[in-house]
Amino acid sequence: MRYPREPPRTVSKIPSIVLVARAKSSKGFSLKGLLLELTGYVVFVTYQIHHAAPSSTFLEYPILIAQDTVLLLLILYYNGKAKHSLIYIALFVGGWKLVTLQDWIIDLAMSLCTLISASSKFASAQCLYQSKDSSGVSALAWSISCYTCLARMFTTIMTTADIQVLTRFAVLSSLNGFVLAMIFHYRRDVKKVE
Numbered sequence: 001m002r003y004p005r006e007p008p009r010t011v012s013k014i015p016s017i018v019l020v021a022r023a024k025s026s027k028g029f030s031l032k033g034l035l036l037e038l039t040g041y042v043v044f045v046t047y048q049i050h051h052a053a054p055s056s057t058f059l060e061y062p063i064l065i066a067q068d069t070v071l072l073l074l075i076l077y078y079n080g081k082a083k084h085s086l087i088y089i090a091l092f093v094g095g096w097k098l099v100t101l102q103d104w105i106i107d108l109a110m111s112l113c114t115l116i117s118a119s120s121k122f123a124s125a126q127c128l129y130q131s132k133d134s135s136g137v138s139a140l141a142w143s144i145s146c147y148t149c150l151a152r153m154f155t156t157i158m159t160t161a162d163i164q165v166l167t168r169f170a171v172l173s174s175l176n177g178f179v180l181a182m183i184f185h186y187r188r189d190v191k192k193v194e
């Protein structure tokens with residue numbers, strides 16, 4: 001089957017990286033949420049490659065993994081836990097090797113991937129709710145994430161029609177929109193106080 005050519009979309013985490021680097025703080029960021037998101041990205045890319053999906057359906061994910069890794073390293077550094085980065089690297093490489101051992105493992109991992117990625121969004125929302133401060137979180141990055149999930153729903157329908165992948169993007173676009181709404185809500189509250 002021949003799939004339509006589509007230029008890859010690059011989701012940029014650069015606004016978040018710049019915010020963390022400028023503030024020299026990880027305030028408003030959830031380490032647990034970032035780790036879950038990174039896990040979801042790794043599993044998703046591995047699943048897509050394993051099932052020989054067209055590269056246009058996952059081409060931006062290696063870039064996202066690299067950007068999330070930079071963001072993770074910055075957060076660990078500013079939290080004084082830079083030494084933990086080696087542990088996380090070992091866990092991700094070991095986990096990636098584990099899911100590629102058998103076909104049934106990667107299929108099970110993809111089934112859990114939506115739950116993992118959704119959990120990352122809930123962790124981010126919880127962190128925002130607890131801090132009630134979204135000044136250190138990039139609304140642009142969350143907007144781009146929301147748009148990309150919506151665009152990926154369309155791409156999935158047009159290329160593979162994989163129900164697992166389509167469900168993943170539908171859930172994630174809703175949750176990205178929810179977190180984006182929280183960001184704007186807490187920014188509005190800060191302006192009212194001033």
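Per the UniProt record's numbering: the sequence shown = residues 1 to 194.
We put the CB at the ideal spot given by N, CA and C, even for glycine.
Sequence-distant residues of its chain with Cβ nearer than 7 Å to residue i (five each side left out)
i, result
"W142", "N176, V179, L180 and I183"
"K13", "L64, Q67, D68, L71 and A141"
"R85", "For the sequence presented, residue 85 should be read as Ser rather than Arg. So the list reads L73 and L76, once near-sequence residues are dropped."
"S111", "Q164"
Residues near residue i in its chain [Cβ-Cβ closer than 6 Å; skip 5 each side]
i, result
"L140", "P15"
"T39", "I116"
"F58", "V45 and Q48"
"A82", "L76"
Rounded straight-line distance, which links the Cα of residue j to that of residue i
i, j, result
"E6", "S174", "With a pLDDT of only 39 at E6, under 50, the local geometry of the prediction cannot be trusted, and the value read off the model is given with reservation. Rounded to whole angstroms, E6 to S174 spans 24 Å at the Cα level."
"L98", "S131", "36 Å"
"T46", "Q67", "17 Å"
"A53", "Q102", "18 Å"
"S26", "V20", "6 Å"
"I89", "C113", "19 Å"
"T10", "G80", "Its pLDDT being 46, under 50, T10 is placed unreliably in this model, and the coordinates cannot settle the point."
"Y78", "W96", "27 Å"
"V147", "I106", "One point to set straight first is that residue 147 is Tyr, not Val, in the sequence displayed. If I take the Cα positions, the gap works out to 27 Å."
"D162", "I87", "34 Å"
"T160", "Y61", "17 Å"
When the options are compared against residue i, the one with the closest alpha-carbon
i, options, result
"A109", "H185, Q164 and K24", "Q164"
"S134", "V43, H185 and F154", "H185"
"I65", "R22, V43 and S138", "V43"
"K24", "Y41, I105 and L76", "L76"
"S55", "E37, T156 and R22", "T156"
"L35", "A123, R187 and G136", "A123"
"Y129", "E60, R187, Y147 and H50", "R187"
Beta-carbon proximity list for residue i, same chain, < 8 Å, skipping 5 on both sides
i, result
"A118", "V171, L172 and L175"
"R2", "For R2, the predicted model reports a pLDDT of 37, less than 50, meaning its position is unreliable; a value from the coordinates is still stated below. The answer is none, since no qualifying residue turns up."
"F92", "L38, T39 and V42"
"L74", "I17, V20, A21 and S26"
"M153", "L166, F169, A170 and S173"
"A125", "L175, F178, V179 and M182"
"T100", "T46, H50 and I106"
"W104", "none"
Supposed close pair residue i, residue j - CB separation, criterion 8 Å
i, j, result
"G33", "S120", "5 Å"
"S30", "C149", "Actually they do not touch by this definition, with Cβ atoms about 19 Å apart."
Heavy atom of the ligand GTP within 7 Å of residue i beta-carbon
i, result
"Y186", "Of the ligands one can find in the structure shown there are none, so the ligand GTP has no counterpart to examine."
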